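Position one of the sequence shown corresponds to residue 232 (the numbering used here), numbered consecutively onward. All remarks here apply to the structure that follows.
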Amino acid sequence: MGHTKVSANKPERDVVKAATQSDLHDPETMPSEIAFIQSPTSSCNLESLSISSVACAARPAVAPYHELMIRSWSLVGPLLAGLVLTALQLTVAVGLLAPEGPASYRYSTLNQHDSYWFMNIVDRGYQTIVPPIDQKMMEVSNVAFFPAYPAIAGLLRRAFHIDTGNALLIVAQLAGWGFWSYFFLLCRRWRISPLLQACGALLIVAHPAAFFLIAGYSESLFLMTLLGFIYWSSAPGRAAKSFAALHGMVMSATRIVGIVCAA
């Protein structure tokens, strides 16, 4: 009797099982409770998948941008520091140390001694007699100075139609800015702490010879090209070697010791 009862109930269980499986696979016949439970899960899975895909796709774009910002700041930082120091030197020299008078006159007093020889070269070119005389007379012979500094000043004067003295000062002060920029770039490459960088810069600024970085002399151009030559010579890449060669040529054309330094 028990066996007959089990056999009789078996077709009913098969029918219920088949109906249940059919309901699970058919969304239209699926009970509302089951559909309510599965639908959010599926949407959450799809949403999380799409979010993770977007995040994964965004990671390669964020990393290069971050590296670009770091590299840009590593270049902009020394440039800004150099500009601040150059402006500080100009402020002290023109505002505090120059003779009394209008601002243009005070600024022009940064041209002294050899500056007038450079002015003569820019205005008249190189001139001499054979044999040369043993006296300093720029109207007769002015070939004792190397050509890079007056040549760049002459190009600036012709390009912007400015006074020769101002052209000499602008070139010298731009070169002074370049000197300070390379100074901080080298300090950063050599991993010198910011405190030591500040102390080194302060010692240079406080030295009386720092006047030549903003005056109408060729020292600032020579020092800028010297540090630039050192900076690019130790940098990897073919472009760096080209920049080093360019700095070496200008350095050699600025002062006679530049030939030895570039060799």
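All C-beta atoms, glycine included, are put in the ideal place defined by N, C-alpha and C. Bear in mind the structure is a predicted one, so any value in this text is a computation, not a measurement.
Among residues of its own chain, excluding the 5 on either side of residue i, which ones have a beta-carbon nearer than 7 Å to its beta-carbon?
i	result
HIS478	THR456, GLY459, PHE460, TRP463
ALA475	PHE460, TRP463, SER464
ILE435	ALA441
ALA471	TRP463
GLN419	Checking the sequence, you will find Arg at residue 419 rather than Gln. Around ARG419: SER305, PRO309.
Would you identify the three-state DSSP class for residue i, choosing helix, strand or coil?
i	result
PRO271	For PRO271, the predicted model reports a pLDDT of 46, less than 50, meaning its position is unreliable and no value from the coordinates is stated.
SER451	helix
ASN397	helix
ALA286	Unreliable positioning characterises ALA286 in this predicted model, as indicated by a pLDDT of 47, which lies under 50. The coordinate reading is nonetheless provided below. ALA286: helix per DSSP, three-state reduction.
THR359	coil
HIS478	helix
MET350	helix
THR340	coil
GLN320	helix
ALA493	helix
VAL488	helix
ARG422	coil
ILE445	coil
ALA329	coil
ALA382	helix
MET366	Reading the sequence as shown, one finds Gln at residue 366 and not Met. GLN366: coil per DSSP, three-state reduction.
SER335	helix
ALA406	helix
ALA429	helix
ALA440	helix
Which residues in the same chain as residue i place their Cβ atom closer than 6 Å to its Cβ, once the five residues preceding and following it in sequence are excluded?
i	result
LEU321	ILE445
PHE443	GLU450
Cα-Cα, which of the options is closest to residue i?
i	options	result
VAL315	ASP354, ALA390, TRP411, SER449	TRP411
ASP394	MET369, PHE415, ASP354	ASP354
ARG337	ASP345, ALA476, LEU400	LEU400
MET350	LEU416, ASN373, THR485, ALA329	ASN373
GLY489	PRO467, PHE453, LEU405	PHE453
LEU306	LEU433, ARG422, LEU416, GLY431	LEU416
ASP345	ALA329, GLY326, TYR380, THR317	TYR380
GLY385	ILE352, LYS367, MET368, GLN428	ILE352
ALA324	ALA466, PRO467, ALA437, CYS492	ALA437
LEU405	ILE383, PRO425, ILE423	ILE383
Tell me which residues share the same chain as residue i and place their Cβ nearer than 8 Å to its Cβ, disregarding the 5 neighbours each side in the sequence.
i	result
ALA375	TRP348
VAL371	GLN358, THR359, ILE360, ILE364
SER273	Interpretation of SER273 is limited by its pLDDT of 46, a score under 50 that renders its predicted location unreliable; the figure taken from the coordinates is listed afterwards. So no residue of the chain qualifies.
ILE487	PHE377
ALA334	VAL325
LEU319	VAL436
Just confirm the distance between the C-beta atoms of residue i and residue j, as a whole number of angstroms; I'd bet it's less than 8 Å.
i	j	result
ARG388	ALA398	4 Å
THR485	PHE414	About 18 Å; that fails the 8 Å criterion.
GLY447	LEU341	6 Å
GLY409	SER339	The pair is not a contact, with the Cβ atoms about 23 Å apart (cut-off 8 Å).
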